[in-house]
Amino acid sequence: LNPLGVPSRMNVGQVLETQLGGVAKGLGKKIEEFLEKNNPVKQIRSFLKNVYECPVAQKHFDSMDDQIFMEFVQKYKPGIHMSTPVFDGAKESDIHSMSEMAGLSKSGQVWLYDGMTGERFSQKVTVGYAYILKLHHLVDEKIHARSIGPYSLVTQQPLGGKAQFGGQRFGEMEVWALEAYGAAYTLQELLTVKSDDVLGRNKIYESIVKGRHQLEPGIPESFKVLISELKSLCLNVELLQKSEEEEKEEEEEEKEKIQEGIESSPASEEVTGNKAEEKISKAVSEESNEEIDTAEVTA
C-alpha cells in the first residue's frame, strides 16, 4: 500500500482493508498447510472456532460431520471469509490476535528487498490484500462517441460528459496546437460548424445530405453572447454589415480586374492596340463636336 494515496483522498478504510485482507489470506494459507499435512479434523475445527469467535459460527462447525466439514473447509484455502461493518467491525485487538494465528506481524508490515540491487529497503512496507480496487474506472463505462446531440441553451455549444451524451472539448491548448501547424480550415470548422455556429450547422448538414463538399461558416453563438454581455455593461457593439449595393459594386470591380488581367496578356496585345486607336479617334471627334457646339452658342 502506497501511503501517498491515503491522506489527500481521506480513504483510511483501505489501510484497514489491506491489513485485514492480508490476515484473511494468511489464515487461508494456515488451513491449506493443515490439509496438506493431514492434520486431524478436530485440530482444524478448533482452529476455525478460534478464528470465528461468533457462537453461531462455532455451533455451525460443531453440527457438521467430519466429511462435510472437510469439504466445507476446502473453500477457505484461498482465504478466510469475513466482513467488517461500519462501527461494528474488526477491532485492532481482533486483527492483532488473528495476525498471530496466521503467523504474521501485528503491524501488517514486512521487509521488502530492492529487485535491482538485492538490498533491503530502509523501512518496512505495508503488504496485504485490498479487494475493492476497480471503482468505476472500466473501459466499457468510459467509451463514448457522439455525432449530433444536445446543446447548451445559452452558448449553443455541445454539452460535456458521457452522461449528457456530450462532445469532446477542444480547449485553448488544442487551438494553439492547430494554430502552430497552420491548420486554419480545420480550426475554423471546429470552432464554428462543429461547435456553436447554428446557421453553419444547418447548412453543413444540408450540404452533407445533398452530397456537396462546402463549408459556409457564420458567426458563432458565443460571440453573440459576448456582445450581449458587453451590452449589459452599457457598451453597444454592432457588427458592420455590407449592403447589397456595396456587394454588387465589389463584384463588378472584381470582374473589371479580371477583364483587365485578360486584356494585359500578350495574346491580346493587337486587340488592345486597335481598341486604343478607337478610343483616341472617339475622343478627338467628341472634342471637335464640343468646339462646334460652343461656336454655335457664341454665335
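My numbering puts the last residue of the sequence shown at 454; the count rises by one with no breaks.
Just so you know, even glycine gets a beta-carbon here, dropped at the ideal spot from N, CA and C.
Values in this document were obtained by computation on a predicted structure and should not be read as measured data.
- Residue 313 sits buried, since 16 or more C-beta atoms from the chains shown fall within 10 Å of its C-beta.
- Taking the C-beta atoms as reference points, residue 259 is found nearer than 8 Å to residue 177.
- Residue state for residue 176 is assigned as helix, using DSSP reduced to three classes.
- Here the segment 236-245 makes no contact with the segment 157-164; the two share fewer than three CB pairs at distances below 8 Å.
- In the three-state DSSP reduction, residue 268 falls in the strand class (E or B).
- Contact annotation: the segment 301-318 touches the segment 370-377, with at least three C-beta pairs closer than 8 Å.
- For residue 335, the enclosing alpha helix (DSSP H) has its first and last residue at 327-336.
- Residue 310 sits in coil when the DSSP states are folded into three classes, being neither helix nor strand.
- Judged by DSSP secondary structure, residue 347 falls outside any alpha helix (DSSP H); it is assigned neither H nor E.
- Per the coordinates, the alpha-carbon of residue 347 lies some 15 Å from the alpha-carbon of residue 333.
- Burial state of residue 172 is buried, judged by a 10 Å Cβ sphere holding 16 or more other Cβ atoms.
- By the neighbour-count definition (other C-beta atoms within 10 Å, threshold 16), residue 229 is an exposed residue.
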